[in-house]
Amino acid sequence: MSSKPFLCFFFVSLFFSPSRAFSQAGSEPLFTFGVMTDVQYCDCDPAGTRHYRSSLRKLNEAVQTFNEQKVAFVTHLGDFIDHDFRSFDTLTVLVRQLNSPLYQVLGNHDFSVGPDELAKVPATLGMKNRYYSFFRQGWRFIVLDSNDLSTYGNAKGSKNEQASVAYLATLKAQNAPNAQPWNGGLSEKQLQWLKKELASAVRKKEQVIVLSHHPLMPENDRHNIWNDREVRTLLESYPNVFAYFNGHVHQKSHSTHHGIHYVTFKGIVEQEENGFAIVEVYSDRLKINGYATETSRVLQKL
């Protein structure tokens, strides 16, 4: 008997073996999603590196790309507007063209509106709550409100506003680099909610991506969340937190700390060049495909 039929059978069996099939399945992402941040639009002349009116063109480009690539959803990491509440209406017309859900994150500039308009901001952005979570194929996305404690995101005279003023004063007395009025923090109530979300994700064997406006890294950065060490320590105490995505800084960066990837995305409002990303999600990694000036990266499980 010739050995050729046996060899053909062997290679055919190898090609269609379960391990080969698994490898092929692993080469395709579970899903993809879009990321953009700091559109920060207003009908204003450029100021320094911020080209406010150009944000409309760049947002439209991002929307069309997300639709062409058929992403599962899109996230915007805060500062949708610069300061005028009417700007929300202009931007809403553009994002209504998205063929997928848009998950908004609150930024400090989103609250640069009139006192009587503050409470309307979350609903105007389509948010039922200022912080929340959503799910997709074994991944939990936790959306934080890093303006929860802030001197700008709460009604004047409210308990939260008074507590925020006191907190900022304490940070300034400690000469903390992030003791800046444009930063904010997480309240104790939100921290307790975050703990429950993380514990639930562990029980359900979900991997976690945290979305926020203000960064947690690098350490001692002037743009960081006020209580950055507390929040970072909490996240890093859970083994299933894969990455933390934020905006606010307008400049892209990536670092790792105690098992978590910390990624800052480029602000769309910066310069005339665009910058946004589409993230491919796999079981063991995230592949960030940068468009225009945004950087492409592969984030492996640490």
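In my numbering, the protein residues as written are 515 to 816. Cβ coordinates follow ideal geometry from the N, Cα and C atoms, glycine included.
Around the CB of residue 622, 16 or more other CB atoms lie within 10 Å, so the residue is classed as buried.
Ranking 659, 802 and 806 by CA distance to the CA of residue 545 puts 802 first. The three-state secondary structure of residue 801, taken from DSSP, is strand. Pairing residue 624 with residue 713, the inter-Cα distance amounts to about 30 Å.
Per DSSP, residue 739 has no beta-bridge partner at all.
When C-beta atoms of the stretch 771 to 779 are compared with those of the stretch 753 to 763, three or more pairs fall below 8 Å, so the two segments count as touching. Distance from the Cα of residue 615 is smallest, within the candidate group 581, 696 and 738, for 581. By the CB criterion at 9 Å, residue 653 and residue 720 fall inside the cutoff. Per DSSP, the continuous alpha helix (DSSP H) segment holding residue 675 begins and ends at 673 to 687. Check the Cα spacing between residue 794 and each of 575, 573, 556 and 584: the tightest is with 584. The three-state reading of DSSP puts residue 814 in strand, counting E and B together. Residue environment: residue 716 is assigned as exposed (fewer than 16 neighbouring CB atoms within 10 Å of its CB, all protein chains considered). Contact between the stretch 601 to 616 and the stretch 549 to 562 is present: three or more C-beta pairs spanning the two stretches fall below 8 Å. Classified as exposed, residue 702 has fewer than 16 neighbouring CB atoms from the shown chains inside 10 Å of its CB. Taking the CA atoms as reference points, residue 595 sits about 16 Å from residue 697. Within the same chain, and ignoring the five residues on either side of residue 784 in sequence, the residues whose Cβ sits closer than 6 Å to its Cβ are 563 and 764. Distance from the CA atom of residue 726 to the CA atom of residue 657, rounded to whole angstroms, is 6 Å. In the structure shown, residue 553 falls within a coil segment according to DSSP collapsed to helix, strand and coil.
Annotation: the continuous alpha helix (DSSP H) that includes residue 580 extends over 568 to 582. With 16 or more other Cβ atoms inside 10 Å of its own Cβ, residue 757 counts as buried.
Residues 592, 635, 636, 639, 641, 644, 659, 660, 661, 667 and 727 of the same chain have their beta carbon placed closer than 8 Å to that of residue 620, with the five preceding and five following residues left out of the count. Around the Cβ of residue 742, a 10 Å sphere holds 16 or more other Cβ atoms; the residue is buried. Taking residue 772 as the centre and dropping the five residues before and after it, the same chain places the C-beta of 750 closer than 6 Å to its C-beta, in chain order. For the pair residue 630 and residue 790, the Cα-to-Cα distance works out to about 33 Å.
Inclusion of residue 786 and residue 590 in the CB contact set at 9 Å is not warranted, their separation being larger than that value.
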